[in-house]
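Chemist: Take a look at the following structure, please.
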Amino acid sequence: MRTLQGQQALMRIFIGEKDKYGKQPLYQAIVEMLRAEKLAGATVIRGLAGFGAKSHLHSANLLSLSQDLPMIIECVDSREHIDRVISKIDEMVCDGLVTIENVEVIRYAPKK
Amino acid sequence: MRTLQGQQALMRIFIGEKDKYGKQPLYQAIVEMLRAEKLAGATVIRGLAGFGAKSHLHSANLLSLSQDLPMIIECVDSREHIDRVISKIDEMVCDGLVTIENVEVIRYAPKK
Amino acid sequence: MRTLQGQQALMRIFIGEKDKYGKQPLYQAIVEMLRAEKLAGATVIRGLAGFGAKSHLHSANLLSLSQDLPMIIECVDSREHIDRVISKIDEMVCDGLVTIENVEVIRYAPKK
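Protein chains in written order, with this note's numbering: chain F, 6 to 117; chain Z, 6 to 117; chain S, 6 to 117.
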């Protein structure tokens, strides 16, 4: 198991719940790719509403026509590990936003 | 459609699910304002529990009295675009937290 | 009531929904500790899927065996206040990720 400490990178990928990669949901394909590439971790969060590059409103409201809710995938690792998967993500994501932030890791991995 | 690349700003607005703007849910009013102002995108996330400025605990637990869950609205755009809507947000939000972070945009908007 | 302005810190704690602290859910114990320590606020978000230090996949999918979903606790306050609770969090969290980011607080606490 790897450890992670100090200055690292947080990548966040904003896509739609209905986006596909082949026949698979895109968010699932991305998480599996991140795990296969041995990134330190990933978390998927479902949004309740939103709009993006194409400016259609995603919403879980009853009045909304769309059920294509926003999904955020977050991944913390070294900038080198993140950079290594960027080209794969670029190939998988057709319509979305990918951001990178600096974070300080205080703690990762089990004790002892 | 705009493109967004390199150093940009991430604004995050923490409010309550039951906060209103007129008769409308505040989070919805903010997302509509951000879209009307042509911000690049916004995502709404519902929290499960929390406490804020007034320090009452919001929670989705069965044991909780309150159902006023925390809501987070996230918006990535240039600092200039974010600054342009800050005064509107300040007028709309009575009780909440608004933060801005630096992010690097790797990818935004559809391919080709 | 405290006010918070300018450069502050955002702490994010990634744990599992089923993690315990004594008999209590860990995320709940952490939020209660943060409130008891008078931190400015905290928000709990439940993820939909993910993997972490031990690299087992947490997922809400029907096909998944695990229902131990990822939980994120977010807390914005001064770096001094965050640093003051880090050792408690370190004692409470057995397996997880804790990160700190710089944020600019534009607004906190009710008007007037």
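Backbone N, C-alpha and C fix where the C-beta goes; we use that ideal spot for every residue, glycine too.
Bridge partners of residue 25(F), per DSSP?
Modeler: For the purposes of this step, residue 25(F) is taken as the residue at position 20 of the first sequence. 30(F), per the DSSP bridge assignment.
Chemist: Strictly under 8 Å for the Cβ-Cβ distance: is residue 69(F) near chain Z by that measure?
Modeler: Locating residue 69(F) in the first sequence gives position 64, where the first residue counts as 1. Reliability of the predicted coordinates at residue 69(F) is poor, the pLDDT of 48 falling under 50, and the value obtained from them is presented with this limitation in mind. Not one chain Z Cβ lies under 8 Å of residue 69(F).
Chemist: Could you spell out the range, first to last residue, of the beta strand (DSSP E) harbouring residue 108(Z)?
Modeler: As a working mapping, residue 108(Z) is identified with position 103 in the second sequence. In the DSSP annotation of this structure, the continuous segment of the beta strand (DSSP E) that includes residue 108(Z) starts and ends at 102 to 113.
Chemist: Any Cβ of chain S within less than 8 Å of the Cβ of residue 17(F)?
Modeler: Along the first sequence, one-based indexing puts residue 17(F) at 12. With 8 Å as the cut-off, residue 17(F) does not count as an interface residue toward chain S.
Chemist: Can you name the residues that DSSP bridges to residue 11(Z)?
Modeler: Here residue 11(Z) corresponds to residue number 6 of the second sequence, with the count starting at 1. Paired residues: 110(Z).
Chemist: I need the straight-line Cα distance from residue 22(F) to residue 49(F), nearest angstrom please.
Modeler: In the first sequence, residue 22(F) corresponds to position 17, counting from 1. In the first sequence, residue 49(F) corresponds to position 44, counting from 1. Rounded to the nearest whole angstrom, the CA to CA distance from residue 22(F) to residue 49(F) is 11 Å.
Chemist: Quick check on DSSP: helix, strand or coil for residue 36(S)?
Modeler: To locate residue 36(S), count along the third sequence from 1; it is residue 31. Three-state DSSP puts residue 36(S) in a helix.
Chemist: Can you give me the C-alpha to C-alpha distance between residue 85(F) and residue 83(Z), rounded to a whole angstrom?
Modeler: Residue 85(F) sits at position 80 when you count from the first residue of the first sequence. Residue 83(Z) sits at position 78 when you count from the first residue of the second sequence. Going by the C-alpha atoms only, they are around 26 Å apart.
Chemist: What span of residues does the alpha helix (DSSP H) with residue 95(S) cover, start to end?
Modeler: Locating residue 95(S) in the third sequence gives position 90, counting from the first residue. Where residue 95(S) is concerned, the enclosing alpha helix (DSSP H) stretches over 84 to 97.
Chemist: When burial is assigned at 16 or more other CB atoms within 10 Å of the CB, is residue 45(F) buried or exposed?
Modeler: As a working note, residue 45(F) is residue 40 in the first sequence. It is buried - the Cβ of residue 45(F) has at least 16 other Cβ atoms within 10 Å.
Chemist: What's the call for residue 41(Z), buried or exposed, on a 16-neighbour Cβ count within 10 Å?
Modeler: Indexing the second sequence from 1 puts residue 41(Z) at position 36. That one is exposed.
Chemist: Beta-carbon within less than 6 Å of residue 16(S)'s beta-carbon, same chain only, minus the 5 sequence neighbours each way: which residues are those?
Modeler: Position 11 of the third sequence holds residue 16(S). Taken in chain order, the residues that qualify are 80, 87 and 105.
Chemist: So, helix, strand or coil for residue 45(Z), using DSSP?
Modeler: Mapped onto the second sequence, residue 45(Z) falls at position 40. Coil, per DSSP.
Chemist: Output the boundary residues of the beta strand (DSSP E) element that contains residue 57(F).
Modeler: Reading the first sequence from its first residue, position 52 is the one you call residue 57(F). First-last for residue 57(F): undefined, no H or E at that position.
Chemist: Taking only the alpha-carbon atoms, compute the straight-line gap between residue 18(Z) and residue 98(Z) and give it to the nearest angstrom.
Modeler: Against the second sequence, residue 18(Z) aligns to sequence position 13. Against the second sequence, residue 98(Z) aligns to sequence position 93. Those two C-alpha atoms are separated by around 9 Å.
Chemist: Along the region 29 to 59 of chain F, where does the CB come closer than 7 Å to a CB of chain S? Name the residues.
Modeler: Against chain S - using a Cβ distance shorter than 7 Å - the residues of the region 29 to 59 of chain F are 36, 40, 46, 47, 48, 49, 50 and 51.
Chemist: Quick check on this structure: which residue in 111(F), 43(F), 76(F) and 57(F) has the alpha carbon closest to the alpha carbon of residue 51(S)?
Modeler: If you number the third sequence from 1, residue 51(S) lands on position 46. Minimum Cα distance to residue 51(S) is reached at 76(F).
Chemist: Hey, would you say residue 2(S) sits closer than 8 Å to residue 56(Z), going by beta carbons?
Modeler: Residue 2(S) lies beyond the residue range present for chain S, which begins at 6 and ends at 117; the question has no answer from this structure.
Chemist: Roughly how far, in whole angstroms, is the beta-carbon of residue 54(S) from the beta-carbon of residue 36(F), given that I think they are within contact range, below 8 Å?
Modeler: In the third sequence, residue 54(S) corresponds to position 49, counting from 1. In the first sequence, residue 36(F) corresponds to position 31, counting from 1. About 6 Å separates the beta carbon of residue 54(S) from that of residue 36(F), a gap short enough to meet the 8 Å contact definition.
Chemist: Mind listing the chain S neighbours of residue 9(Z)? Cutoff is C-beta to C-beta under 7 Å, in chain order.
Modeler: If you number the second sequence from 1, residue 9(Z) lands on position 4. Here the premise fails: no neighbours, minimum Cβ distance about 19 Å.
Chemist: Pop quiz: residue 73(Z) and residue 112(S) are said to be a contact at Cβ under 8 Å. What is the actual Cβ separation, rounded to whole angstroms?
Modeler: To locate residue 73(Z), count along the second sequence from 1; it is residue 68. To locate residue 112(S), count along the third sequence from 1; it is residue 107. Not quite, the Cβ-Cβ distance comes to about 19 Å (not below 8 Å), so this is no contact.
Chemist: State the Cα-Cα distance for the pair residue 9(F) and residue 39(F), rounded to the nearest angstrom.
Modeler: Along the first sequence, one-based indexing puts residue 9(F) at 4. Along the first sequence, one-based indexing puts residue 39(F) at 34. Cα to Cα, residue 9(F) sits roughly 16 Å from residue 39(F).
Chemist: Indicate whether at least one CB of chain Z lies closer than 8 Å to the CB of residue 203(F).
Modeler: Here chain F covers residues 6 to 117 and nothing more, so residue 203(F) does not appear.
Chemist: Alpha carbon to alpha carbon, how far is residue 92(Z) from residue 14(F)? Give it in angstroms, no decimals.
Modeler: Reading the first sequence from its first residue, position 9 is the one you call residue 14(F). Reading the second sequence from its first residue, position 87 is the one you call residue 92(Z). Separation of residue 14(F) and residue 92(Z) (C-alpha to C-alpha, rounded to the nearest whole angstrom) is 31 Å.
Chemist: Check whether the Cβ atoms of residue 31(S) and residue 110(F) lie closer than 8 Å to each other.
Modeler: Position 26 of the third sequence holds residue 31(S). Position 105 of the first sequence holds residue 110(F). Taking 8 Å as the Cβ cut-off, residue 31(S) and residue 110(F) do not qualify as a contacting pair.
Chemist: Measuring only between beta-carbons, confirm whether residue 113(S) sits less than 8 Å from chain Z.
Modeler: Your numbering for residue 113(S) matches position 108 in the third sequence. Chain Z contact via Cβ: present.
Chemist: Given this structure, state the Cα-to-Cα distance separating residue 67(S) from residue 26(S), to the nearest angstrom.
Modeler: Here residue 67(S) corresponds to residue number 62 of the third sequence, with the count starting at 1. Here residue 26(S) corresponds to residue number 21 of the third sequence, with the count starting at 1. Residue confidence is low: residue 67(S) scores 42 on pLDDT, short of 50, so the model does not pin down where it sits. Its coordinate-derived value is still stated next. Taken atom to atom, the span from the alpha-carbon of residue 67(S) to that of residue 26(S) is near 28 Å.
Chemist: Determine the burial state of residue 69(S): buried for a count of at least 16 other Cβ atoms within 10 Å of its Cβ, exposed for fewer.
Modeler: Counting from 1 along the third sequence, the entry for residue 69(S) is found at position 64. Note that residue 69(S) has pLDDT 48, beneath the 50 cutoff, so the model's placement of it is unreliable and no number is given.
Chemist: Report the neighbours of residue 105(Z) on chain S: residues whose CB is nearer than 8 Å to its CB, in chain order.
Modeler: For the purposes of this step, residue 105(Z) is identified with residue 100 of the second sequence, where counting begins at 1. Ordered by position in chain S, the residues that pass the 8 Å Cβ test against residue 105(Z) are 108, 109 and 111.
Chemist: Would the beta-carbon of residue 112(F) be found less than 7 Å away from any heavy atom of the ligand SAH?
Modeler: With respect to small molecules bound, the structure shown includes none, and the ligand SAH cannot be examined in it.
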